[in-house]
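**Student:** First the structure, which I've put down as structure tokens, then a few questions once you've had a look.
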Amino acid sequence: MIYLDCAATSLQKPRGVAEAAARAVGTLASPGRGGHPPARLAAETAWKCRLLAAELFNAPGPEDVVFTMNATHGLNIALGSLVSPGGRAVVSGWEHNAVIRPLHALGAEIDVVRTPLFDAAAALEGFKSRIPGAECCVCTHVSNVFGFVLPVYEIAGICRENGVPFVLDASQSAGALDVDAKRLGAAFIAMPGHKGLLGPQGTGLLICSAGAKPLMAGGTGSESRSRLMPEYLPDRLEAGTHNMPGIAGLLAGMEYVKRLGLPAIARRERALTRALGERLSALPGLEVFLSERPEAQAGVLSVRSGAMGCEELAEALARRGVCTRAGLHCAPLAHESAGTLESGTVRFSVSPFNTPQELKTAAGILARCLRAG
């Protein structure tokens, strides 16, 4: 099997992730729910995970790193804390439904900055004109469909100049590209644990630099006499029992990412994507969404065929052992921006575990699928 659907979930993980999660099942209780050794060990593991995340993403402090179920969970907290009914939220034309649906549910006015694919300068100009007077600005770091790297540091700077809170969706960048909370000055940064951070599904992180409203209320192991959620982080946003096997696995995944180093991961994933894109560009009848500038695209590549539907092509690949994802990828806004809403695309997305030979083999299989029709 050649697994090329890492933008959805990193299936190939360091061996230590599964080992840590399995060990946690029998050794870790709940942090803050007792003074016995299993509870203390759970608290220590959670704290180590927060410390490492704060280091990797330059968060204000480990207490500002909140555990979530996934990036969607974190984005719902962030947007619910900043956006009021009728408030204007500026977003890029490349956002995932994890941003658009919560904003719609909140009754926000969604102001979309629509720009051409891989055109960072146009995106920046669009945000410059729309950010003033907005209630918040939300931007994905990397398009989950096309791998387009948006100029988020510059966009965040415009937000600071105008006093507009900035929210970053780091779902496709955390664990591969530089995500620096202090340099961004973002109110919130949401990220999943199960993609670039190589942790288990059901884990995520929300880095908070602004006041947050709890999405849920319940027990925290602290201030138990009060009927209100604690005012301080992370307790304010972490009601209920923690996913300690997931957190232990996430810690192991982030330790692996730290050992490899973000620059090395980014170079490898970009090189793999570039090589695949150049091979596929030689195939007749296949449209390949490959940036002319390597730095404008991360480890995600979309294609579409004039002869086969995207679902049909992805199924043909799957039968031959190549795992991709077809359709709209929960991001219809991105497909609208790229002009692929009616057709969708087949998406290839890589991880540090993919090899050049795998990409060469996958390109050959795709060519055979197209010839077979």
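Counting from 1, one number per residue, gives the positions in the sequence shown under the UniProt record's numbering.
Every residue gets a Cβ at the ideal spot worked out from N, C-alpha and C, and that includes glycine.
Would N354 pass as a contact of L4 if the rule is Cβ separation under 8 Å?
**Tutor:** Yes. Within cutoff.
**Student:** Should V25 go down as buried or exposed, given a rule of 16 or more other Cβ atoms within 10 Å for buried?
**Tutor:** exposed
**Student:** Can you check which of these residues, T203, R130, T115, D180, is closest to F148 by C-alpha distance?
**Tutor:** T115
**Student:** Does the Cβ-Cβ distance between A170 and I189 come in under 8 Å?
**Tutor:** yes
**Student:** Using alpha carbons as the reference points, say which of S302, R347, L283, V300 lies closest to R371.
**Tutor:** It is L283 whose Cα lies nearest to the Cα of R371.
**Student:** Can you tell me which of the three DSSP states G327 falls into?
**Tutor:** strand
**Student:** For A186 and G126, what's the separation of their Cα atoms in angstroms?
**Tutor:** 19 Å
**Student:** Over what stretch of residues does the beta strand (DSSP E) that includes S349 continue unbroken?
**Tutor:** 345 to 349
**Student:** How do the segment 17 to 33 and the segment 151 to 162 stand: do at least 3 beta-carbon pairs fall below 8 Å, yes or no?
**Tutor:** no
**Student:** Which value, in whole angstroms, describes the spacing of the CA atoms of L197 and I265?
**Tutor:** 11 Å
**Student:** How is the beta strand (DSSP E) around V138 delimited, first residue to last?
**Tutor:** Taken as a continuous stretch (DSSP letters only), the beta strand (DSSP E) holding V138 covers 136 to 140.
**Student:** Measuring CB atoms only, is the segment 211 to 218 touching the segment 231 to 249, in the sense that at least three cross pairs come out at less than 8 Å?
**Tutor:** In short, these stretches touch, since the Cβ pair count reaches three.
**Student:** Return yes when the Cβ of E95 is within less than 8 Å of the Cβ of T45, no when it is not.
**Tutor:** no
**Student:** So which of T203, L103, G240, A271 has the shortest CA-CA distance to I247?
**Tutor:** T203
**Student:** If A334 and S143 are in contact, beta carbons under 8 Å, what's the gap, nearest whole angstrom?
**Tutor:** 5 Å
**Student:** In the DSSP assignment, find the unbroken alpha helix (DSSP H) run with G204 in it and report its ends.
**Tutor:** G204 -> not in any alpha helix (DSSP H); beta strand (DSSP E) instead, spanning 204 to 208.
**Student:** On a Cα-Cα basis, can you pick out the residue from H36, L286, I365 that is closest to G309?
**Tutor:** L286
**Student:** Using three-state DSSP, classify P192 as helix, strand or coil.
**Tutor:** strand
**Student:** Pick helix, strand or coil for R304, following the three-state DSSP scheme.
**Tutor:** strand
**Student:** Please list the terminal residues of the continuous alpha helix (DSSP H) segment that includes V152.
**Tutor:** 152 to 162
**Student:** Check the C-beta distance from V90 over to I131 and give it rounded, since I have them as a contact under 8 Å.
**Tutor:** Yes, V90 and I131 are in contact; Cβ-Cβ is about 6 Å, under 8 Å.
**Student:** With 16 other CB atoms within 10 Å as the buried threshold, where does Y256 fall?
**Tutor:** buried
**Student:** Does DSSP classify S173 as helix, strand or coil?
**Tutor:** coil
**Student:** Could you pull out every residue in the same chain whose Cβ sits closer than 6 Å to the Cβ of L106, ignoring the five residues on either side in sequence?
**Tutor:** Scanning its chain for C-beta atoms nearer than 6 Å, with the 5 sequence neighbours on each side dropped, one finds around L106 the residues V83, in chain order.
**Student:** As a quick exercise: from L41, L205, C323, L341, pick the residue whose alpha carbon is nearest that of G93.
**Tutor:** L341
**Student:** So is G306 buried or exposed if we call it buried at 16+ other beta carbons inside 10 Å?
**Tutor:** exposed
**Student:** Would you tell me roughly how many angstroms separate the C-alpha atoms of L56 and C49, rounded to the nearest one?
**Tutor:** 11 Å
**Student:** Which residues bound the beta strand (DSSP E) around I110?
**Tutor:** 109 to 113
**Student:** For a test of the three-state rule: what should DSSP assign to E315, helix, strand or coil?
**Tutor:** In the displayed model, E315 falls within a helix according to three-state DSSP.
**Student:** Apply the 10 Å Cβ neighbour rule to E311 and answer buried if 16 or more other Cβ atoms are within range, or exposed otherwise.
**Tutor:** exposed
**Student:** For E231, which three-state DSSP category applies?
**Tutor:** coil
**Student:** Relative to the C-alpha of L103, which candidate in V138, A121, L41 has its C-alpha closest?
**Tutor:** V138
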